[in-house]
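Visitor: Below is one structure. I have some questions about it.
4 protein chains.
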Amino acid sequence: MSKRIGILTGGGDAPGLNAVIRAIVKYGVGQKGWSVFGIEEAYNGLFKPTKRTWELTPDNIGGLLTKGGTILGTTNKGNPFEPDENGEIPAPKIAQSVADMQLDGLISIGGDGSQTIAHRLMTEYGVPIVGVPKTIDNDLFHTDYTFGFWSAVDVATDALDRLHTTAESHDRVMVLEVMGRTAGWIALYAGLSGGADCILIPEIPYDPSAVIHKIMERRGAGKHFTLVIVAEGAISQEEASETLPLTGTSNKFVSGKASHKLADHIGDHLDVECRVTVLGHLQRGGSPVAFDRFLATRFGVHAVDLVENEQWGEMVVLQNNQMTSISLSEVAGTPREIPLDHELIQTARKAGVSLGD
Amino acid sequence: MSKRIGILTGGGDAPGLNAVIRAIVKYGVGQKGWSVFGIEEAYNGLFKPTKRTWELTPDNIGGLLTKGGTILGTTNKGNPFEPDENGEIPAPKIAQSVADMQLDGLISIGGDGSQTIAHRLMTEYGVPIVGVPKTIDNDLFHTDYTFGFWSAVDVATDALDRLHTTAESHDRVMVLEVMGRTAGWIALYAGLSGGADCILIPEIPYDPSAVIHKIMERRGAGKHFTLVIVAEGAISQEEASETLPLTGTSNKFVSGKASHKLADHIGDHLDVECRVTVLGHLQRGGSPVAFDRFLATRFGVHAVDLVENEQWGEMVVLQNNQMTSISLSEVAGTPREIPLDHELIQTARKAGVSLGD
Amino acid sequence: MSKRIGILTGGGDAPGLNAVIRAIVKYGVGQKGWSVFGIEEAYNGLFKPTKRTWELTPDNIGGLLTKGGTILGTTNKGNPFEPDENGEIPAPKIAQSVADMQLDGLISIGGDGSQTIAHRLMTEYGVPIVGVPKTIDNDLFHTDYTFGFWSAVDVATDALDRLHTTAESHDRVMVLEVMGRTAGWIALYAGLSGGADCILIPEIPYDPSAVIHKIMERRGAGKHFTLVIVAEGAISQEEASETLPLTGTSNKFVSGKASHKLADHIGDHLDVECRVTVLGHLQRGGSPVAFDRFLATRFGVHAVDLVENEQWGEMVVLQNNQMTSISLSEVAGTPREIPLDHELIQTARKAGVSLGD
Amino acid sequence: MSKRIGILTGGGDAPGLNAVIRAIVKYGVGQKGWSVFGIEEAYNGLFKPTKRTWELTPDNIGGLLTKGGTILGTTNKGNPFEPDENGEIPAPKIAQSVADMQLDGLISIGGDGSQTIAHRLMTEYGVPIVGVPKTIDNDLFHTDYTFGFWSAVDVATDALDRLHTTAESHDRVMVLEVMGRTAGWIALYAGLSGGADCILIPEIPYDPSAVIHKIMERRGAGKHFTLVIVAEGAISQEEASETLPLTGTSNKFVSGKASHKLADHIGDHLDVECRVTVLGHLQRGGSPVAFDRFLATRFGVHAVDLVENEQWGEMVVLQNNQMTSISLSEVAGTPREIPLDHELIQTARKAGVSLGD
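Residue numbers (the working numbering), protein chains in the order written: chain S, 472 to 828; chain P, 472 to 828; chain E, 472 to 828; chain X, 472 to 828.
In structure tokens form, the structure reads like this:
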């Protein structure tokens, strides 16, 4: 039976969001003949008068597979269960808009914050929602990968390649800071892919002396340059003992702090030129790599199947390379950190990488 | 206990071979203090006087992580159990060389052909061998992925992106031929990643009328161009009924035949400009993408662990995203084809892709 | 004074066409307040009922800087001074359409064929036209470079890089065929940029023995692989003496012929594996490199200045790195070949490259 | 007559240095049969006991065309006419080393600092030297381009592409800081190639209100994101009136200062999320683009010709796309800034770009 559904994208953007949208339209509209509506800037499109919705058709999704970002716009601000600037709770308005638009349900593409909101909108206001996970950090439980992650790893790996040649020419230590506030997946994957000598992740508070030791060890072997990759949430053992751990939603987080702190330490203790690069939003933007387009397409198609089967309240995931789904109620509010006994941690150590401990 | 091992690479080269070698040396030599020897051009280095072996150390593996091909050289000709040009069987010589070099064993990086040879050398001549799988076609049983595959998919996806813009500007049908003689994994993955309108794979003999139909359907929707990706081993239903299936080792295989045959058919039946591109060795060469460097590093490290534990006769594999190993005796001589009910086949159909049937 | 102009793109597409269109709209509409209309599929949009024109504004040119191809569509068929399929000469209709649309003039972006047509439309039918040169072959007189050329060189250079690693691993000879029917600029530039050992161009008919000699010379120096780049219009000395030279507009031209002929010769005379790659439309599609976006932007801006100053009949060109213009009457009907005493020819020889003579 | 020459690379590294070295060896050794020696870390290799020289041959330059950095190592510290840490003036030692090694002369690849040193070594100590210019900033007089520049522009343009999609998705202002302390060539070229809305260069002190105005103007036109590219040496009009201009050799220069200062201003005056990316050494590292490999090869070949002709004291340059040379005495000690009436400045303004004035 024909359906009317809305799509929205929430949280930080990730390469592949548009590819999910395209897949939903290709399957939902192109094959099933449904009506699909894009909702601007996450839930804002359903209650803010300046935002809007529009119909998505095979004609207006040209080029979406390769396009970074999200044509629907997104936001990582605002919670529809808390009063907005006018003191109103948006949630009931959102439910009303869905009813007014005669939508059978929504597909919510977003991170754990967005999915938690989706779960509450469903259980508290009866809005039928299917979820599609999104985080470039790959720190969601229950799914092997999220789209955008390998694109970010690719950018960070390419950065290591570039830093490698100039570091070697000048006998320098290069510190590359990548995303990852509480989980170091990007740093670990890119560090292994790009041949970093040290990989510092939030899960393992580091001893600056261990980094110095690695630099000296390499010098002793005739290698006068060193590549260090640092997750933005990495902290030293000293910091770990002093402070409460940073939370992912902390607004006090300062990009570049982790890498500059480490570089200062190295500069203070060794006669070596140390340079810092903070990748920042370069990891988030741009066209998705093939892996992410592929995964996003599978996610989008599977989400339509969930809607078809009225499996509201489910979120698509990839488990053991296969598409399946879990309940939105199972989406954890905490990021998936790297277990300290993870094979990749062992692999890094065995390959001679220092993890700073 | 310190060990002496040899490494060799066999079969067609794949991006990531050098990254495996690097990981073995980083771990085996750099961490364990073993002696590791590179053997030139697969087993030839152990019996042909013009070939050689040399010691691999952290000093002479610089730059290997990013370098395509294999510094050891490779070959996809010759079987050491059959007489060579002088009428001699190389296998016993190989075993003798391993003994003469006082090697504890070999790490053989190669496809199913290479691993079958490895298994026989071990069982018939007592040469201790650990295997690392390699095929850019990703058509090996027992492993989620092999390195090189995503690099090939990336090249093919990039090609589709390029063909897309020029096809659209000229209202053309573009046919892209990619590798895959008996299994269509590259075509299927790249077709989904690059937005092909038709994906033709060896597993599904195609009806040329279905391709024509797709082109016409798109025209009817105002889209005057079409992208077709064809595995080199794809055949029409007519061919399938007439001929014995091609085998992977057939020397009669002609690159470009599948795509030109299809293009001719389209040109004969429609008033449209149809252009063919055969990617060929572009898929095989060049620097590996991050995914493949990452996987190759894991494979190399795990192979050293197998040697350490004297698990001779095992081959490292990736199963459900985790490193493990299988017996070389389990390596199948037949390629892993795409099951017709595979989720990806369904996903392609749901996304509106014609599979030519 | 405000103007109304039309833009059209003719001939084979080239990366950067959309960037020219964008620059014209950014300057003409955004800064000058003119009305600018896109004309579909070259002059066809002005006389074929199935084709159309539409207004271009800063709102509908988003993403054009990076997008390959041309959003206006193009064609390299048809001459408006010759009868069409209905026996009518399109030229007067075109002039009438320009008048009906109250256009002050046209900007014609195209190769020498398109500019010759532009010149006739202007002189014979009074249609005011400004030209922007386009050819990925860079074989136009009077301009240092045309946009699209460096994008094509980049694709061909990347292909050589990829072939390099696989050639070296397998001791193979790799033959890469690139565009260039009568002029070998792409082959020469990419050959130098990608380190080809032999560069064969139409301007220098080659002796197959010279290629064989180069392969043998490299073997003698311990290098068992060789990279050959061949312009599609390259011919052997024997062919040169037998046949009339191919012309650029010949329909008998067969892509891949030059490279396969050479590969067959090598295979017949040497015990070596020789593989052919024909780049074809991969050179034409895809996003333009920075150089081409930059040049295309300058061309577009300068074309608007010519229109502003009513310098009808002029075509923008780059001379000694500076923007200027020439008369459309000066656009030669013959491609600019590489002079045999050109510095680049000498540079190639000095760098040890064989030019096949 | 056979010659013995030394090559050294000085100053910050740039993509293409290795391609120059390769071309010199290919031509000098491979074709002319000369002996060519690599000198480690600029002039240090000629007087510091920890540094060394070694012979360069076609056998040990494999892979150099594509490899970033310099295999000879480099430094941008130290002046051989000033006392070193032991109070000795290195210059006479350098001259003595050249004599001891029986070198006919040196090829010095470096920026204006390196060439000024070369000129003095020649005039004051009689060391025969030929120069090859190098700066990724493209701010040398007398040459159209230097190698490395287009590679840096390419990296910066790619960064703008990536920032574009995420900026658009989040309605953000993105500030990208690129190299250029006293000359804004990279910012101007990349800004035009990547479609920046504002380009701020050292040559035009900017008014922060002009940037705010541009952001507001775009909002008024429905475009809620803005891309700003800033040369690291860009300063506001207020700073320009207060301070002495920064010099290129100032050690007080702080990377990231220009962009963060601007972002703070925007954040203080507008309700918009503004994010900063500092490209830093990513611009300097990595494989050179085709343009730079091509130019570097021409430079290297031409330098050998100068040596052959004993045109000591000359530096190769590209003028009007042709190779020629100038006297080292003409190398200016001041960087080539962008003239305010330069065509590219006009082009940027015409394309609607704000230059902050």
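Note that beta-carbon positions come from the ideal geometry of N, C-alpha and C, so glycine has one too. From a predicted model like this one, the values you see are computed outputs, not experimental measurements.
Evaluate contact between the stretch 655 to 663 of chain P and the stretch 748 to 760 of chain S, counting only Cβ atoms and requiring at least three cross-stretch pairs below 8 Å.
Guide: Taking 8 Å as the limit for Cβ pairs, the verdict is that the stretch 748 to 760 of chain S does not touch the stretch 655 to 663 of chain P.
Visitor: Contact between the stretch 818 to 826 of chain S and the stretch 635 to 643 of chain S: three or more CB pairs below 8 Å?
Guide: The answer is no - the stretch 635 to 643 of chain S does not touch the stretch 818 to 826 of chain S, with fewer than three Cβ pairs under 8 Å.
Visitor: Within 8 Å, do at least three Cβ pairs link the stretch 600 to 618 of chain S to the stretch 793 to 807 of chain S?
Guide: Flag = yes, the stretch 793 to 807 of chain S and the stretch 600 to 618 of chain S touch.
Visitor: Please report the Cβ distance between S/Val-646 and S/Val-747, rounded to the nearest whole angstrom; I am assuming they are in contact, meaning their Cβ atoms lie under 8 Å.
Guide: Sure, about 5 Å apart at Cβ, within 8 Å.
Visitor: Within the same chain, show all residues whose beta-carbon is closer than 7 Å to that of P/Phe-612, passing over the 5 residues directly before and after it, in chain order.
Guide: Closer than 7 Å at Cβ, skipping near neighbours: Ala-803 and Arg-807.
Visitor: Under 7 Å, do P/Gly-651 and P/Ala-734 count as touching if we go by C-beta distance?
Guide: No.
Visitor: Given S/Glu-553, which residues of its chain have a CB within under 8 Å of its CB, disregarding the five upstream and five downstream residues?
Guide: Closer than 8 Å at Cβ, skipping near neighbours: Ile-560.
Visitor: Going by the CB atoms, is the gap between X/Phe-518 and X/Lys-564 shorter than 7 Å?
Guide: In contact: X/Lys-564 and X/Phe-518 (Cβ atoms closer than 7 Å).
Visitor: Output the distance between the C-alpha atoms of X/Thr-480 and P/Ser-585, rounded to the nearest integer angstrom.
Guide: Roughly 46 Å between the two C-alpha positions.
Visitor: Please confirm if the stretch 495 to 512 of chain E is in contact with the stretch 786 to 798 of chain E, defined as three or more CB-CB distances below 8 Å between the two stretches.
Guide: At 8 Å Cβ cutoff, the stretches do not touch.
Visitor: On the CB-based measure, 16 or more other CB atoms within 10 Å of its CB, does P/Trp-505 come out buried or exposed?
Guide: Classification of P/Trp-505: buried, given that the 10 Å Cβ count is 16 or more.
Visitor: Using a C-beta cutoff of 7 Å, does X/Asn-780 count as contacting chain E?
Guide: With 7 Å as the cut-off, X/Asn-780 does not count as an interface residue toward chain E.
Visitor: List the whole-angstrom C-beta distance separating X/Ala-729 from X/Leu-698, where the pair is believed to meet the contact cut-off of C-beta under 8 Å.
Guide: With a Cβ gap of about 16 Å, X/Ala-729 and X/Leu-698 do not count as contacting.
Visitor: If the cut is a Cβ gap below 8 Å, which residues of chain S does X/Lys-538 touch?
Guide: Under the 8 Å cutoff, chain S gives Thr-636.
Visitor: Just checking: is the beta-carbon of P/Gln-502 within a distance shorter than 7 Å of some beta-carbon in chain S?
Guide: Chain S contact via Cβ: present.
Visitor: Using a Cβ cut-off of 7 Å (strictly closer), state whether X/Glu-744 contacts chain S.
Guide: It does not; no Cβ of chain S falls within 7 Å.
Visitor: Pick out whichever of S/Asp-555, S/Phe-618, S/Asn-557 and S/Glu-556 has its Cα sitting closest to the Cα of S/Gly-582.
Guide: With distances taken between Cα atoms, S/Gly-582 lies closest to S/Phe-618.
Visitor: What did DSSP end up calling E/Leu-535 once you bin it into helix, strand or coil?
Guide: Three-state DSSP puts E/Leu-535 in coil, outside helix and strand.
Visitor: Against chain E, with Cβ distances strictly below 7 Å, would P/Ala-734 count as a contact?
Guide: P/Ala-734 does not count as touching chain E.
Visitor: Considering only the beta carbon of each residue, do S/Leu-536 and S/Arg-764 sit closer than 7 Å?
Guide: A contact, by the Cβ cut-off of 7 Å.
Visitor: Assuming contact is defined by CB atoms lying nearer than 7 Å, are E/Gly-482 and E/Asn-557 in contact in what I supplied?
Guide: The answer is no: Cβ separation not under 7 Å.
Visitor: Between which two residues does the beta strand (DSSP E) harbouring S/Gln-793 extend?
Guide: First-last of the beta strand (DSSP E) with S/Gln-793: 793 to 798.
Visitor: Which residues in chain X sit within 8 Å of S/Glu-703, going by Cβ to Cβ distance?
Guide: Those within 8 Å of S/Glu-703 in chain X number zero; the least Cβ separation is about 14 Å.
Visitor: What are the complete alpha helix (DSSP H) segments, minimum 4 residues, inside the stretch 573 to 609 of chain S?
Guide: 583 to 596, all fully within the stretch 573 to 609 of chain S.
Visitor: Between which two residues does the alpha helix (DSSP H) harbouring S/Ile-565 extend?
Guide: First-last of the alpha helix (DSSP H) with S/Ile-565: 561 to 571.
Visitor: Would you please state the rounded distance, in angstroms, between the beta carbons of E/Ile-476 and E/Leu-574? I believe it to be under 8 Å.
Guide: That pair is a contact at about 6 Å.
Visitor: Three-state secondary structure (DSSP) at S/Met-472?
Guide: In this structure, S/Met-472 counts as coil in the three-state DSSP scheme.
Visitor: From S/Leu-577 to S/Val-598, what distance separates their C-alpha atoms?
Guide: So the two alpha carbons sit approximately 8 Å from each other.
Visitor: Note down, in chain order, every chain E residue with its Cβ under 7 Å from the Cβ of X/Val-569.
Guide: Chain E residues near X/Val-569: none, gap ~25 Å exceeds 7 Å.
Visitor: Return the bridge partner residues of X/Arg-633 from the DSSP annotation.
Guide: Partner(s): none; X/Arg-633 has no beta bridge.
Visitor: Just verifying my parser: in three-state terms, what is the DSSP assignment at P/Thr-718?
Guide: For P/Thr-718, the predicted model reports a pLDDT of 49, less than 50, meaning its position is unreliable; a value from the coordinates is still stated below. Reduced to three states, the DSSP call for P/Thr-718 is coil.
Visitor: Report the three-state DSSP secondary structure of X/Leu-659 (helix, strand or coil).
Guide: Residue state, collapsed to three classes: helix.
Visitor: Just list the residues that DSSP pairs E/Tyr-677 with in beta bridges.
Guide: Paired residues: E/Ser-707.
Visitor: I'd like to know if P/Glu-814 contacts chain S, where contact means its C-beta is closer than 7 Å to some C-beta of that chain.
Guide: Yes, contact with chain S.
Visitor: Look at the alpha carbon of E/Leu-631 and the alpha carbon of E/Thr-818, and state the distance between them as a whole number of angstroms.
Guide: Their backbone Cα atoms lie some 19 Å apart in a straight line.
Visitor: Please report the residue range of the beta strand (DSSP E) in which S/Ser-506 lies.
Guide: Residues 506 to 510.
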